[in-house]
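Undergrad: A single structure is presented below for examination.
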Amino acid sequence: MQAAGVTPDVSFIDPMLRRRLSPLARAALHVANACASGCEAVRFVYASRHGELGRTIELLQSLAVVEPLSPTTFGLSVLNASAGLYSIARGDHSPATAIAAGPETFAAGLLEAYARASLDNTPPTLYVYADAPAPPPFGPLADDAPGILAIALLIDPLQPVQQLTAQCTLEENAKPSPSQASAFLGCLQNGKTATWAGAQRRWQWSLR
């Protein structure tokens, strides 16, 4: 398991492409490579609530003033851009999935990664969550993390190192918790049980 907290190392990405990476993509690729560099192949599940929203805004602004769109900006604006870049850099043809699910994006992505790993043990499944606060005019949102946050988990039932338990209960909350991924990060860093309360559900994670 890895969480971004240092300057992202993306030296494994082609230099021409590397200079076009956003800070969010750099964080996502850094944790992905740190977590799964020793694996020959991995199935990739990528989750991000906002994705490359800044690039999307840039494209919309170009449309508003009738300017031609940048093909590179468009290619790097899609939600699965980081998953695609990682697969290309590794020469890995394993399946990749990208997920966005509002405030519960982190848990939805983790559930998808677990489902994939449960259906087939090989190759292992790499789950990467990466997000940044929504830029104006869409944000910031109250439940966004304060900055860029990237988490990578390698799910390999054949070679378990730690066991993660997740529990979800239906529960309405008048004051939802901030950033689901930030809550989980506490569990990841200190091994203690972490809880997140959304508008309709409560999630709890424990690691052992």
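If you want the working numbering, it's the position in the sequence shown, counting the first as 1, plus 1. Each residue gets a CB set at the ideal place from its N, CA and C atoms; glycine is no exception.
How about A26 and L112: do their beta carbons lie closer than 9 angstroms?
TA: no
Undergrad: Going along the chain, which residues of its own chain have a beta-carbon closer than 8 angstroms to the beta-carbon of S95, five neighbours each way excluded?
TA: For S95, same chain residues with a beta-carbon under 8 angstroms away, outside a window of 5 residues either side, are A42, V43, R44, F45, S88, P124 in chain order.
Undergrad: What ranges does the alpha helix (DSSP H) occupy inside the region 69-148, keeping only unbroken runs of at least 4 residues that lie completely in it?
TA: 72-76, 82-91, 106-120
Undergrad: Less than 9 angstroms between the beta carbons of A48 and Y130, yes or no?
TA: For A48 and Y130, yes; Cβs fall inside 9 angstroms.
Undergrad: Buried or exposed, going by whether 16 or more other CB atoms sit within 10 Å of the CB of D10?
TA: exposed
Undergrad: State buried or exposed for A5, treating a residue as buried only when at least 16 other CB atoms are found within 10 Å of its CB.
TA: Unreliable placement is indicated for A5, whose pLDDT of 46 sits below 50; no coordinate value is reported for it.
Undergrad: Using the three-state DSSP reduction, which class does F185 fall into: helix, strand or coil?
TA: helix
Undergrad: Could you check what DSSP says for Q190 in three-state terms: helix, strand or coil?
TA: helix
Undergrad: Output the boundary residues of the beta strand (DSSP E) element that contains C169.
TA: 165-171
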